[in-house]
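**Q**
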Amino acid sequence: MQAEEIMEKKIASAMEVCKKYNRIKADGKKAEAVWKYNLDMAADAKYPKETEMYEEYADKALAGFKASIKWLKIVDRAMRMVLPYEAEQVLIQHFVEGKPLKSIRGGRNQYMSRTTATKYKKIGIQKLADNISSVEADLKKLEETLENSL
1 MQAEEIMEKK IASAMEVCKK YNRIKADGKK AEAVWKYNLD MAADAKYPKE
51 TEMYEEYADK ALAGFKASIK WLKIVDRAMR MVLPYEAEQV LIQHFVEGKP
101 LKSIRGGRNQ YMSRTTATKY KKIGIQKLAD NISSVEADLK KLEETLENSL
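Numbering (full-length UniProt numbering), first residue to last: 1 to 150.
(1) Using only the alpha-carbon positions, how far apart do Met-79 and Leu-39 sit?
(2) Pull up the distance between the alpha-carbon of residue 152 and that of Ala-67, whole angstroms please.
(3) Less than 8 Å between the C-beta atoms of Lys-10 and Leu-150, yes or no?
(4) Exposed or buried, which one is Asn-131 when buried takes at least 16 other CB atoms within 10 Å?
(5) Looking at C-beta atoms only, is the number of pairs between the segment 91-102 and the segment 110-123 that lie closer than 8 Å three or more?
(6) Is it buried or exposed for Gly-124, if we count other Cβ within 10 angstroms and need 16 for buried?
(7) Comparing alpha-carbon positions, which option in Leu-91, Ala-43 and Ala-61 lies nearest Ala-14?
(8) So is Gly-107 buried or exposed if we call it buried at 16+ other beta carbons inside 10 Å?
(9) For Glu-86, does the count of other Cβ atoms within 10 angstroms reach 16, so buried, or fall short, so exposed?
(10) In chain order, what residues of the same chain have a beta carbon less than 7 Å from the beta carbon of Leu-83, not counting five sequence neighbours either side?
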């Protein structure tokens with residue numbers, strides 16, 4: 001009973017990570033835009049205090065941008081370690097690209113049936129949960145860094 005509860009918690013956290021993927025990616029792009037904007041404003045500033053202020057804002061946005069890149073790399077690495085290959089493809093296409101289960105392309109560039117995609121989705125989520133459980137604390141810290149930068 002304990003093992004099932006632990007696995008359910010791991011699966012729930014893996015599902016949460018999958019749902020956050022696109023939001024973190026968008027927030028990272030936003031942080032990059034803010035960083036570039038603040039660098040431009042610092043270059044155009046007339047007064048030293050103004051330049052210092054914009055450089056401080058740029059540093060904060062850069063920290064958020066780097067945190068988002070690191071978060072995405074960790075999750076991508078965890079997804080790439082999922083076996084079998086079909087489960088990895090379902091995770092990437094369904095959660096990252098946002099495709100519905102009936103339009104997942106499997107081996108030989110053919111569509112999977114919804115039943116097959118659902119089966120591989122369950123397998124993939126379990127494997128992803130095992131891969132992510134060891135780095136979950138790091139992901140939380142990176143999310144906080146990104147949130148604080150925006």
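For each residue, glycine too, the CB sits at the ideal point set by N, CA and C.
For clarity, every value in this text was computed on a predicted model and none was experimentally measured.
**A** With the given structure in hand:
(1) C-alpha separation (whole angstroms): 34 Å.
(2) Summary: the structure shown does not reach residue 152, with the chain confined to residues 1 through 150, and so no result is reported for it.
(3) It is not a contact, given that the beta carbons lie outside the stated cut-off.
(4) Here Asn-131 is buried, its C-beta having at least 16 other C-beta atoms within 10 Å.
(5) Yes: the two stretches touch, three or more of their Cβ pairs being nearer than 8 Å.
(6) Burial check for Gly-124: the Cβ neighbour count within 10 Å reaches 16 or more, so the residue is buried.
(7) Closest by alpha carbon: Leu-91.
(8) Answer is exposed; the Cβ neighbour count stays below 16.
(9) With at least 16 other beta carbons inside 10 angstroms of its own, Glu-86 counts as buried.
(10) Cβ within range, chain order: Lys-127.
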